[in-house]
Amino acid sequence: LFVSDNDMTKAIFNVSSNLGVVLGSVVLLSLASPWFLLVLPVLLPALWLIKSFYLRTSGQVRKLDLESKSPLYTLFGETIDGIVTIRAFAGHRVFTRLNEVLVSRSQRAFFLNLSLMRWLTLVSGLIVAGISTAFCSLSVGLAQHSAGNANQDTVGWVAVGLTQLMMLTGAITMLTKAW
71 LFVSDNDMTK
81 AIFNVSSNLG
91 VVLGSVVLLS
101 LASPWFLLVL
111 PVLLPALWLI
121 KSFYLRTSGQ
131 VRKLDLESKS
141 PLYTLFGETI
151 DGIVTIRAFA
161 GHRVFTRLNE
171 VLVSRSQRAF
181 FLNLSLMRWL
191 TLVSGLIVAG
201 ISTAFCSLSV
211 GLAQHSAGNA
221 NQDTVGWVAV
231 GLTQLMMLTG
241 AITMLTKAW
């Protein structure tokens, strides 16, 4: 019971802290360029679809990982129970080879899980690259449109927005994993 309470507390903390970082970044980007808010109606459904796909797929991959490790754990138990017999009949080579095969099979799901995490990082990076392109285009376009009114505050807000964009990839990835 303590473990599940402890894990739940960590999960809630991770989700809330990463959600705060993402929302804070969006607020600062909106302050830097109010036109950035036009990107959000396209961005939010895309992020929701990616989150849904990732969570469903990672759950299935975790189940595959558990299923692939079950024969390995069974072999461990059988080996420990019958170690005297295995040594008496010199069957250690057979059990060693079977162990290697089962370990290799159990690593497939682990590799899929790593690949899925890399995919999420790539997609998050591509989304943030699109957001960065839109943000820079809007900032530069609006600055050229009002060339006479550009002041130091506008440049400072654009710098703040670009700094937030650099943090956004990691925050979106961590929020999706923590969800």
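In terms of my numbering, the numbers along the sequence shown are unbroken and rise by one, the last being 249.
Beta carbons: idealized from backbone N, C-alpha and C, even for Gly.
Only a predicted model underlies this, so the values are computations on that prediction, with no experimental measurement involved.
**Request:** Pair every Cβ in the segment 170-182 with every Cβ in the segment 199-213, then say whether three or more of these pairs are closer than 8 Å.
**Result:** no
**Prompt:** For Leu-134, which residues of its own chain have a beta-carbon under 6 Å away from its beta-carbon, when the five flanking residues on both sides are left out?
**Reply:** Ala-179
**Message:** Using a Cβ-Cβ cutoff of less than 6 Å, which residues in the same chain neighbour Val-96 once the five nearest sequence positions on both sides are dropped?
**Reply:** none
**Prompt:** Nearest-angstrom Cα distance between Leu-89 and Ile-156?
**Reply:** 55 Å
**Request:** Look at the alpha carbon of Ala-248 and the alpha carbon of Leu-108, and state the distance between them as a whole number of angstroms.
**Result:** 27 Å
**Item:** Under the three-state DSSP convention, the category Val-154 falls into
**Value:** helix
**Item:** Segment contact flag, the segment 232-247 with the segment 196-204, C-beta cutoff 8 Å, min 3 pairs
**Value:** yes
**Asked** Which one of Leu-101, Leu-186, Asn-84 and Ala-160 has the shortest CA to CA distance from Ile-120?
**Response** Leu-186
**Prompt:** Going by alpha carbons, who is nearest to Arg-167 out of Ser-128, Leu-145, Ser-86 and Ala-158?
**Reply:** Leu-145
**Request:** Alpha carbon to alpha carbon, how far is Val-92 from Ile-153? Give it in angstroms, no decimals.
**Result:** 55 Å
**Message:** Taking the beta carbon of Gln-234 as the centre, do at least 16 other beta carbons fall within 10 Å, making it buried, or is it exposed?
**Reply:** buried
**Asked** For the putative contact between Phe-205 and Ser-87, defined by C-beta atoms under 8 Å, what is the C-beta separation to the nearest angstrom?
**Response** No, Phe-205 and Ser-87 are not in contact; Cβ-Cβ is about 24 Å, not under 8 Å.
**Item:** Ile-242 burial status per 10 Å Cβ neighbour count (16 or more: buried)
**Value:** buried
**Asked** Thr-79 to Pro-115, Cα distance in whole Å?
**Response** 28 Å
**Asked** If we ignore side chains and look at the alpha-carbon of each, how far apart do Gly-98 and Phe-181 end up?
**Response** Correcting the residue identity first, residue 98 is Leu in this sequence and not Gly. Roughly 37 Å separates the two Cα atoms.
**Asked** How many whole angstroms separate the CB atoms of Leu-245 and Val-85, which I take to be in contact at a CB cut-off of 8 Å?
**Response** 7 Å
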